[in-house]
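In the working numbering, the protein residues as written are 2 to 149.
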């Protein structure tokens, strides 16, 4: 994983995670998913854990604890996961095939192209450009086999 200066993070338990009851965690998990995924707040470049906590009338430590325990990742990784999934959808959509990577990056909530590329590579093992190219090659190959 030398590309993009990515390094593996060591797992550690945050002490405050044990202070949040499982019932509260389950409830917050559903509310977090509703706001972040259903309302697509992950697309907002400035949507922080602090803002999410404010929207859910809780504190950012609870948000962090729930994301760490229930989703097994930190807040940034959690948000980027949905951004990358959205980017993958856009990159394979014929309606958006003329978009530049900077435009795709902006559409899904990244503040710059470099962070988009690094996050995309972290999740998929390839760059967004490689992903789009592979998908287009596969699509063309399928059309050829359908014609024959």
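Heads up, the beta-carbon is just placed ideally off N, CA and C, and yes, glycines get one too.
Bear in mind the structure is a predicted one, so any value in this text is a computation, not a measurement.
Pairing residue 37 with residue 45, the inter-Cα distance amounts to about 10 angstroms. Listed in chain order, the alpha helix (DSSP H) runs fully inside the stretch 16–86 are 23–34, 50–56 and 61–71, counting runs of at least 4 residues.
For residue 99, there is no enclosing alpha helix (DSSP H), as DSSP marks it with neither H nor E. In the DSSP assignment, residue 116 falls within the unbroken alpha helix (DSSP H) covering 114–125.
With fewer than 16 other Cβ atoms from the protein chains shown falling within 10 Å of its own Cβ, residue 23 counts as exposed. Rounded to whole angstroms, the separation of the alpha carbons of residue 48 and residue 66 is 18 angstroms. Residue 78 has its alpha-carbon roughly 17 angstroms from the corresponding atom of residue 129.
Segment contact: the stretch 119–134 against the stretch 83–92, three or more CB-CB distances shorter than 8 angstroms; contact assigned. Under the three-state reduction of DSSP output, residue 134 falls in the helix class.
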